[in-house]
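Q: Numbered by the numbering used here, the letters in the sequence shown go through residues 1319 to 1740 in order.
We treat Cβ as the ideally placed atom computed from N, Cα and C, and that holds for glycine.
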Amino acid sequence: MFMIRDYADGDLAGAVHLLETLKDDPETVQIDLSQFVVDVSERAPTVVAVAQDEIVGLLTARTFGTTAWILTLAVSRSWRRQGVGTGLVDRLEQRLAREGVRRISTVLEPGQIGHQSLLNLGYAQTDGLVRLDKRSSLEPSQVEVISSFGGELLPDGLWDMAAGMRREKELIDSRIVQPLAAPSLARRIGLRPPSTALLFGPPGTGKTTFARAIASRLAWPFIELLPSKMSAGEGSLAGELRDAFEEIGVLDHVVLFIDEFEELVPAREERPASAGVVNELLKSIPEFRSRPGRLLVCATNFVDTIDPAVLRPGRFDLLIGIGPPDTEALTALWTQALASLDLAEPVDPAVLAERSRGFTPGDIDLATQRAAAVVFARSRSGDGDERVRLADLEAALARTRPSISRELQARFDVQLDDYQRV
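1. The beta strand (DSSP E) that contains Arg-1612, what's its start and end?
2. Identify the continuous alpha helix (DSSP H) that holds Val-1402 and give its terminal residues.
3. Given this structure, state the Cα-to-Cα distance separating Arg-1413 from Pro-1363, to the nearest angstrom.
4. Which class does Gly-1598 belong to by DSSP, given the choice of helix, strand or coil?
5. Decide if Glu-1338 is buried, meaning its Cβ has at least 16 other Cβ atoms within 10 Å, or exposed.
6. Exposed or buried, what is Thr-1718 when buried is set at 16 or more other beta-carbons lying within 10 Å of its beta-carbon?
7. Please classify Thr-1643 as buried or exposed, where buried requires at least 16 neighbouring CB atoms within 10 angstroms.
8. According to the Cβ coordinates, are Leu-1536 and Val-1596 closer than 8 Å?
9. With DSSP collapsed to three states, give me the class of Leu-1544.
10. Output the distance between the C-alpha atoms of Val-1732 and Ser-1674, rounded to the nearest integer angstrom.
11. Can the beta-carbon of Arg-1633 be found less than 8 Å from the beta-carbon of Pro-1604?
12. Just checking my contact of Gly-1482 with Leu-1651 at CB under 8 Å: how many whole Å lie between their CB atoms?
13. State whether the stretch 1610-1620 contacts the stretch 1506-1520, with contact taken as three or more CB pairs (one from each stretch) at a distance under 8 Å.
14. Which residues in the same chain have their Cβ closer than 7 Å to the Cβ of Glu-1663, if we skip the five residues on either side of it in sequence?
15. Go through its chain and collect everything with a Cβ distance to Asp-1570's Cβ below 6 Å, but skip five positions before and after it.
16. Would you say Thr-1381 and Val-1347 are within 8 Å of each other, going by their C-beta atoms?
17. Hey, how far is the Cα of Ala-1367 from the Cα of Val-1358?
18. Leu-1472 by DSSP, collapsed to three states: which one?
19. Look at the alpha carbon of Gly-1702 and the alpha carbon of Val-1402, and state the distance between them as a whole number of angstroms.
20. Can the beta-carbon of Arg-1705 be found closer than 8 Å to that of Asp-1660?
21. Where DSSP assigns a beta bridge to Ile-1576, which residues make up the other side?
22. Across which residues does DSSP place Ile-1638 in a beta bridge pair?
23. Could you tell me if Ile-1507 is buried or exposed, where buried requires 16 or more neighbouring beta carbons within 10 angstroms of its beta carbon?
24. Run the proximity test for Ser-1592: is its beta-carbon closer than 7 Å to any non-hydrogen atom belonging to the ligand SAM?
25. At a Cβ threshold of 8 Å, is Leu-1651 touching chain C?
26. From Asp-1324 to Val-1365, what distance separates their C-alpha atoms?
27. Got a sec? Which residues, its chain only, sit under 7 Å from Ile-1682 by beta carbon, not counting five neighbours each side?
28. Measure the C-alpha to C-alpha separation of Val-1355 and Leu-1389 and round it to an integer number of angstroms.
29. Distance check for Arg-1398 and Arg-1739, CA to CA, integer angstroms please.
30. Would you list the one or two residues that DSSP bridges to Ile-1322?
31. For Asp-1735, tell me which candidate among Ala-1585, Gly-1641, Leu-1406 has the shortest Cα-Cα distance.
32. Using 8 Å as the threshold, is the stretch 1464-1477 in touch with the stretch 1529-1543, meaning 3 or more CB pairs across them?
33. Which partner residues of Phe-1354 appear in the DSSP bridge assignment?
34. Looking at the structure shown, is Arg-1688 part of a helix, part of a strand, or coil, going by DSSP?
35. Can you look up Ile-1682 in the DSSP assignment and give me helix, strand or coil?
36. Between Glu-1578 and Thr-1618, which are expected to be in contact by the criterion C-beta below 8 Å, what is the C-beta distance as a whole number of angstroms?
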């Protein structure tokens, strides 16, 4: 695997070595090494791909106001067509967006390194000598707001991270993503695109993953509000939430996410001290949803503990249950997990799924890593097979407790009947 990060001062020798190995490579735009050294010494925006402490890819750009030109894009021959180029461009885009850049361009010959990566990320090209560029819809002032809240523009592909989960995917795609992606068609038909949605379900079932995937599918900025990092006092928290909604409200498009929503707006009868925060949100949510192009997604483990006034139509358009993975989803999760292992024998993911009732994606990842750790230790000691066997996975499963107990499952089933609104 490789890691994408910003260029650091100690990377120069490795970067120069990579460029020297590609001097005669027909797929790489030939680079003036002395100019590259000047660029990085002058702090030109640069990102690198690193694998086993070796630089296997790099990307350098120059900025001119709100425009940037990609100058250097190089990927080691042995690491091509493995997502390195796409990862480099995506990381650079996020960095440039924070600096107010709204258009990124480069010039390539057909088939050169970076051509397909740029196309994959939505760059447009002309014929012949290929110029690829991409415009950002964000004004510098909007970029500043996103950055101040730790927001980000998420990469493509997050939707596929929710392996299986067909019922949830179909609901979220049909009721949230598609109407927001085609608002004119929705309004012509008479369908109001949603502006607020509450995802509820047991811990670890993927609610945050779905919220991020929605932003990724829409190509909208994603901002997560963390009440735990705001003031502890109820009065101060209410004011900070009001200010946050007002600041984020200037964005033309945004997915605003609040997790553990039940801690923010519990039933006032149970926690009278929370009344100020609840009342503030009762005012802020309708104002936030008054303009199109913005979506508030909240997530809760226990929807039945939230103040009923917050859940009424007019505040939340949709209440969608995100349940524990069913057999189909568990099979998909195990298929995904097994693909990362060096297996000594064929392993049927459906068999593991049947033994994983109540498991969340995190539980499956934990069991997978436990099995891999045992084999790693065995390999280091020279004591036995150095590849993962079914017995290793079964032993890891026996050690891993499912996060979703029968009691949690039963409570979710009741909540799904009582609260889901789609």
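A: Taking the structure as given:
1. 1612-1618
2. 1402-1416
3. 8 Å
4. Just to set this straight, residue 1598 is Glu in the shown sequence, not Gly. DSSP places Glu-1598 in helix when its eight states are reduced to three.
5. exposed
6. buried
7. A quick correction: the sequence has Pro, not Thr, at residue 1643. Buried, because 16 or more other Cβ atoms sit within 10 Å of the Cβ of Pro-1643.
8. no
9. coil
10. 22 Å
11. yes
12. 6 Å
13. yes
14. Arg-1707, Leu-1708
15. Gly-1611
16. no
17. 15 Å
18. coil
19. 35 Å
20. yes
21. Leu-1543, Cys-1616
22. Leu-1517
23. exposed
24. This structure simply doesn't include the ligand SAM, nor any ligand for that matter.
25. Judged by its chain identifiers, the structure shown contains no chain C, having just a single protein chain.
26. 4 Å
27. Leu-1651, Trp-1652, Ala-1655, Ser-1674
28. 12 Å
29. 46 Å
30. Ala-1367
31. Gly-1641
32. yes
33. Phe-1354 is not bridged to any residue.
34. helix
35. helix
36. 7 Å
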